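K.L.:
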Amino acid sequence: MGKILCATRGGEASYRTQDAAIALAKERGDTLLFLYVVDLRFLDKTVAPIVVDVENEVTKMGEFLLLMAKERAAEQSVAADTICCKGKFREELKKAACEEGVSLVVLGRPAGEESVFKLASLEAFAAEIEAETGVETVIV
Amino acid sequence: MRIRNRVGLAALVLLSLFVLLRAAPANSGVETGDEVTLTLVGRVVNTQGTAVDEAEVRVFVPSASSGRGSDEETQVAHIGADGFYVVELTLSQALIEAEAVAVEISKSGFRTTRQGLARQEMACTSDRCHVRVPDVVLLRIFNVAFFIATLTFVAVFVLIAFHVLHDTLAAFLGATVMLGISYTIGTFNPDFWILGFDQAIEFIDFDVIFLIMTLMIVVSIIGRTGVFQWLALAAYRAARGSAWRLAVILMAATAVMSALLNNVTIMLLMAPITIQIALMLEINPTALIIPEALAAEVGGAATLIGDPPNTVIGSFADLGFNQFLMHMGPIALISTITLMAVIYLIYRRDYAAVRKVPSPALLARLEKDAQITDPVTLKRGLLVVGLMMALFFTSELFQMPPSVVGLIGATILLVWVQPNVEEMLSEVDWTMLVFFMSLFIVVGGVEEVGLIQWIADFIARIAGADLFVASLSVLGLSAVASAIVNNIPFTTAALPIAAFLTRTVPGAGNNVLYWSLSLGANMGGNATYIGSAPNVVAVGVLDRAGYRVTFVDWLKVGVPVTFATVLVPSIWLWVRYFWLKF
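Line by line, the protein sequences are chains A and B.
Its first residue numbered -15, the first sequence is counted upward by one per residue in my numbering.
Its first residue numbered 43, the second sequence is counted upward by one per residue in my numbering.
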């Protein structure tokens, strides 16, 4: 029984990716591992008094989003674990793929013009993950 | 500046008394042939009537070896910060009688002005003459320094508006360019001189810096107690399943809290938990977060401490906490109600799609995340905030600057709670304080070279003597500009213009132009997400939750909200300051 790593951010586009990962896990009999990366670079865009532990608050939100994903998997009778970590998305995803011993990484296809990734760069990123970690990566 | 003027006037009066006492017994004429001591006192102003400092005063008398037309420089004096100068020289009575003495005022960036002294303007005794030289109005010339400072100023705003550089770095760069050019090329060629270091330091408003710094400390300590997250959950419970009611409670709570505490911190703490509530209720989080951010900006307009633009305006124009509350409080209230109405029209379908029974697991998680973690510190923090409010309300009685109130509150809280001071001070956002200091210098630079004066003259020409037109001009300009650039730099740059118009437009003594500026800067910042810091935070946190809000997405909500929240309070402005005049 393998482990599927699915990076998630929450939101409508992520639900589709989560559902695809859940379906894959069910089909293969694998467990699921949802990943959320806390990235606070948006705070660099403005000058504002950042005097509170924003990281902690966004981490709590990330854990909440992961709990939602976990509930979604449970509804399909798929067991899922979660990881919430801090840093840059690309590095943290590759790190989790290595450290957690996953057999498959699932990435969500760009939902439209507003997506963070364009399809070409996402395909390049998938190839990069496979090259650096040796873990099969699919775009769903 | 007013104090300096008073000191200058006092010095002038004392000097006059001294001269008159020395003059006894009084003599109506001057004995020809003797030497007399001539004391000249005068003031130099610009076209706006503001003192021109650091100009040079030269007194010329005809050369002994030649006739009129070949003058000899006898005395040089420097003008103080209040624009006054005093020159004393000894010369023959014949020169005075011949009205041969002339005063020349010069300063880089201004046209050199020469003025002859008429005999009848002098009060003379046997050995002394005293003259109060009429105010000299120096006219601007657009020299190289003007264009360099203007380009630097525009470049800083462009860098900030398009996020080419971090706001602080952009302002820091601007200040460095202005000072660097002054102390390199400007040392050899006065046409390149923008401003000196001492002047730059004088432009920094330390009342603003200290107030913002101390409020950061207070909010930081209270923010750690979990109270804002608890409030968000309390709002969810009070809404009893109605998403529209929840949005109204959240907007009202955010507006009130933003009036008393820093609105960015409130957004940073409220936004993640609000998103969780929205997800649990299965409604689009943007329908709660965007209204919350807009309310943070609108509510912050109510008080001197609610939003940095207000803090800057209050300190510059010497407007106290109570004045702000009395004048901006009703405006903020009207704007908040208007905001709620517009939000309902925009998001009513989202609110209707609410899930009535949330998942128990998610609710349990939410309750875990929204607990008050340190009730003792919270009680102390609230008591200190209460004390600070009492001090703010009474500060005008004691002539206490707002920064001192902040200092008292922060110190009491630090001593009482005794957090790790190093950790606490390291959490003060020095980046923002450096931003403010650099920005004050950049704006000071363009003020020194005359750009602000030129813009103010331009607006004054448009407005003429019509206060209503001036008010609308300030309001409209500040609303549009704040939508494009962060409202803090815009307000800092626009303040000298509002101050000039307040001095020159008849009837503007009721400070309506400052309230127009505050209204425009605060509400205008809501049109785009780059216009104000709470909006940037809202978009950033939404993005972290997988809800990307584009520039255009925000405009669809921000523009109608801004239009309504500027238009409706404008009617109030007209009723209060132009029609009923109360």
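C-beta atoms are modelled at their ideal positions from N, C-alpha and C, and glycine is treated no differently.
Quick caveat: nothing in here was measured; it's all calculated off a predicted structure.
(1) Sorted by chain position, which residues of the same chain lie with C-beta nearer than 6 Å to residue 0 of chain A's C-beta, five sequence neighbours on each side aside?
(2) Cα separation between residue 65 of chain B and residue 371 of chain B?
(3) Any residues in the segment 43 to 74 of chain A with a beta carbon nearer than 7 Å to a beta carbon of chain B? Which ones, in chain order?
(4) What residue from B:287, B:120 and B:404 has the CA that sits closest to residue 389 of chain B's CA?
(5) Can you tell me which of B:327, B:176, B:297 and B:273 puts its alpha carbon nearest to the alpha carbon of residue 285 of chain B?
(6) Please give me, in chain order, every unbroken run of the alpha helix (DSSP H) with length at least 4 that falls completely inside the segment 440 to 508 of chain B.
(7) Closer than 7 Å, Cβ to Cβ, to anything on chain D: give me those residues from the segment -10 to 8 of chain A, in chain order.
(8) DSSP puts residue 134 of chain B in a beta bridge; with which residues?
(9) Quick one: give me the first and last residue of the alpha helix (DSSP H) that residue 318 of chain B is part of.
(10) Count the other CB atoms, across all protein chains shown, that sit within 10 Å of the CB of residue -12 of chain A; report buried if there are 16 or more and exposed otherwise.
(11) Beta-carbon within less than 7 Å of residue 488 of chain B's beta-carbon, same chain only, minus the 5 sequence neighbours each way: which residues are those?
(12) Among the residues of its own chain, which have a CB less than 8 Å from the CB of residue 614 of chain B, if the five just before and after it don't count?
(13) Mind checking which residues open and close the beta strand (DSSP E) that includes residue 147 of chain B?
(14) I'd like to check one pair, residue 234 of chain B with residue 197 of chain B: are the Cβ atoms closer than 8 Å?
(15) Starting from the beta carbon of residue 401 of chain B, find every residue of chain A whose beta carbon is closer than 7 Å, and list them in chain order.
(16) Considering Cα atoms alone, identify which of B:536, B:602, B:271 and B:159 is closest to residue 296 of chain B.
(17) State whether the segment 538 to 554 of chain B contacts the segment 87 to 105 of chain B, with contact taken as three or more CB pairs (one from each stretch) at a distance under 8 Å.
(18) Taking buried to mean at least 16 other C-beta atoms within 10 Å of its own C-beta, is residue 63 of chain A buried or exposed?
(19) Could you tell me whether any Cβ in chain B is nearer than 8 Å to the Cβ of residue 26 of chain A?
(20) Going by CA-CA distance only, name the one from B:578, B:567, B:559 and B:506 that's closest to residue 548 of chain B.
(21) Check whether the segment 254 to 269 of chain B and the segment 387 to 406 of chain B are in contact - that is, three or more C-beta pairs closer than 8 Å.
(22) Give a yes or no on whether the minimum CB-CB distance between residue 391 of chain B and chain A is below 8 Å.
(23) Indicate the three-state DSSP secondary structure (helix, strand or coil) for residue 127 of chain B in the structure shown.
(24) Could you check where the alpha helix (DSSP H) with residue 271 of chain B kicks off and where it finishes?
(25) Would you mind reading off the limits of the alpha helix (DSSP H) that contains residue 382 of chain B?
(26) What does the Cβ neighbour count give for residue 132 of chain B, buried or exposed, with the cut at 16 atoms within 10 Å?
(27) For the alpha helix (DSSP H) that contains residue 52 of chain A, what are its first and last residues?
(28) Under the rule that 16 or more other beta-carbon atoms within 10 Å means buried, what is residue 436 of chain B, buried or exposed?
(29) Closer than 8 Å, CB to CB, is residue 86 of chain A near chain B or not?
(30) Whole alpha helix (DSSP H) runs in the segment 578 to 612 of chain B with 4 or more residues, listed along the chain?
(31) If we cut at 8 Å on Cβ distances, does residue 41 of chain A have a partner in chain B?
(32) Pop quiz: residue 213 of chain B and residue 484 of chain B are said to be a contact at Cβ under 8 Å. What is the actual Cβ separation, rounded to whole angstroms?
(33) In terms of alpha-carbon separation, which member of B:130, B:564, B:553 and B:154 lies closest to residue 600 of chain B?
(34) Let me know the secondary structure DSSP gives residue 129 of chain A once reduced to three states.
(35) Alpha carbons only, please: which of B:303, B:229, B:249 and B:245 is nearest the one belonging to residue 265 of chain B?
(36) Could you please tell me which residues of the segment 394 to 423 of chain B, in chain order, have their CB closer than 8 Å to any CB of chain A?
P.N.:
Straight from the coordinates:
(1) Looking up residue 0 of chain A in the first sequence gives position 16. Excluding residues within five positions, none has a Cβ falling inside 6 Å.
(2) Numbered from its first residue, the second sequence carries residue 65 of chain B at position 23. Numbered from its first residue, the second sequence carries residue 371 of chain B at position 329. Model confidence at residue 65 of chain B stands at a pLDDT of 44, short of 50, so the residue's coordinates are unreliable; what they give is reported in the following sentence. Looking at the two C-alpha atoms, the distance is approximately 58 Å.
(3) 44, 45, 48, 49, 51, 52 and 55
(4) As a working note, residue 389 of chain B is residue 347 in the second sequence. Taking only the C-alpha atoms, the option nearest residue 389 of chain B is B:287.
(5) In the second sequence, the residue the question calls residue 285 of chain B occupies position 243. Comparing Cα positions, the closest option is B:327.
(6) 444 to 459, 463 to 468, 472 to 491 and 493 to 505
(7) The structure shown contains no chain D; its protein chains are A and B.
(8) Translated into the one-based positions of the second sequence, residue 134 of chain B becomes position 92. In the DSSP output, where bridge partners are listed per residue, residue 134 of chain B has B:77.
(9) Numbered from 1 along the second sequence, position 276 holds the residue referred to as residue 318 of chain B. Note, residue 318 of chain B: alpha helix (DSSP H), 305 to 322.
(10) Locating residue -12 of chain A in the first sequence gives position 4, counting from the first residue. The residue in question, residue -12 of chain A, is buried, as its Cβ has 16 or more Cβ neighbours within 10 Å.
(11) Counting from one through the second sequence, the residue named residue 488 of chain B turns up at place 446. For residue 488 of chain B, where only same-chain residues beyond five positions count, the Cβ hits under 7 Å are 191, 192, 195 and 494.
(12) By one-based count along the second sequence, residue 614 of chain B stands at place 572. Cβ neighbours of residue 614 of chain B beyond the five flanking positions: 372, 373 and 376.
(13) Mapped onto the second sequence, residue 147 of chain B falls at position 105. Taken as a continuous stretch (DSSP letters only), the beta strand (DSSP E) holding residue 147 of chain B covers 144 to 148.
(14) To locate residue 197 of chain B, count along the second sequence from 1; it is residue 155. To locate residue 234 of chain B, count along the second sequence from 1; it is residue 192. Contact flag unset, no.
(15) Sequence index remark: in the second sequence, residue 401 of chain B carries index 359 (1-based). Correct list: 55.
(16) Taking the second sequence and counting its residues from 1, the one referred to as residue 296 of chain B is at position 254. Comparing Cα positions, the closest option is B:271.
(17) yes
(18) The residue given as residue 63 of chain A occupies position 79 in the first sequence. By the neighbour-count rule (16 or more Cβ atoms within 10 Å), residue 63 of chain A is not buried but exposed.
(19) In the first sequence, residue 26 of chain A corresponds to position 42, counting from 1. Closer than 8 Å: yes.
(20) The residue labelled residue 548 of chain B in the question sits at position 506 within the second sequence. Checked all of B:578, B:567, B:559 and B:506; the closest Cα to residue 548 of chain B is B:506.
(21) no
(22) Your numbering for residue 391 of chain B matches position 349 in the second sequence. It does not; no Cβ of chain A falls within 8 Å.
(23) In the second sequence, the residue the question calls residue 127 of chain B occupies position 85. Of the three classes helix, strand and coil, the one that applies to residue 127 of chain B here is strand, per DSSP.
(24) To locate residue 271 of chain B, count along the second sequence from 1; it is residue 229. 269 to 281 is the span of the alpha helix (DSSP H), which, as asked, contains residue 271 of chain B.
(25) Taking the second sequence and counting its residues from 1, one reaches residue 382 of chain B at position 340. First-last of the alpha helix (DSSP H) with residue 382 of chain B: 363 to 394.
(26) The sequence position of residue 132 of chain B within the second sequence is 90, counting from 1. With fewer than 16 other Cβ atoms within 10 Å, it is exposed.
(27) For the purposes of this step, residue 52 of chain A is identified with residue 68 of the first sequence, where counting begins at 1. Run containing residue 52 of chain A: 38 to 59, per the alpha helix (DSSP H) assignment.
(28) The residue you call residue 436 of chain B lines up with position 394 of the second sequence. By the neighbour-count rule (16 or more Cβ atoms within 10 Å), residue 436 of chain B is not buried but exposed.
(29) Walking along the first sequence from the start, residue 86 of chain A turns up at place 102. By this cut-off, residue 86 of chain A is not an interface position.
(30) none
(31) Residue numbering aside, residue 41 of chain A sits at position 57 when the first sequence is read from its first letter. Chain B, which has a Cβ nearer than 8 Å to the Cβ of residue 41 of chain A, makes this yes.
(32) Position 171 of the second sequence, counted from the start, is the residue given in the question as residue 213 of chain B. Position 442 of the second sequence, counted from the start, is the residue given in the question as residue 484 of chain B. Confirmed, Cβ separation roughly 6 Å.
(33) Reading the second sequence from its first residue, position 558 is the one you call residue 600 of chain B. Nearest option by C-alpha distance: B:564.
(34) Beyond the ends of chain A as shown, which are -15 and 124, falls residue 129 of chain A; an answer cannot be given.
(35) Taking the first residue of the second sequence as 1, we reach residue 265 of chain B at position 223. That would be B:303, whose Cα lies nearest to the Cα of residue 265 of chain B.
(36) 401, 403, 404, 407, 408 and 411
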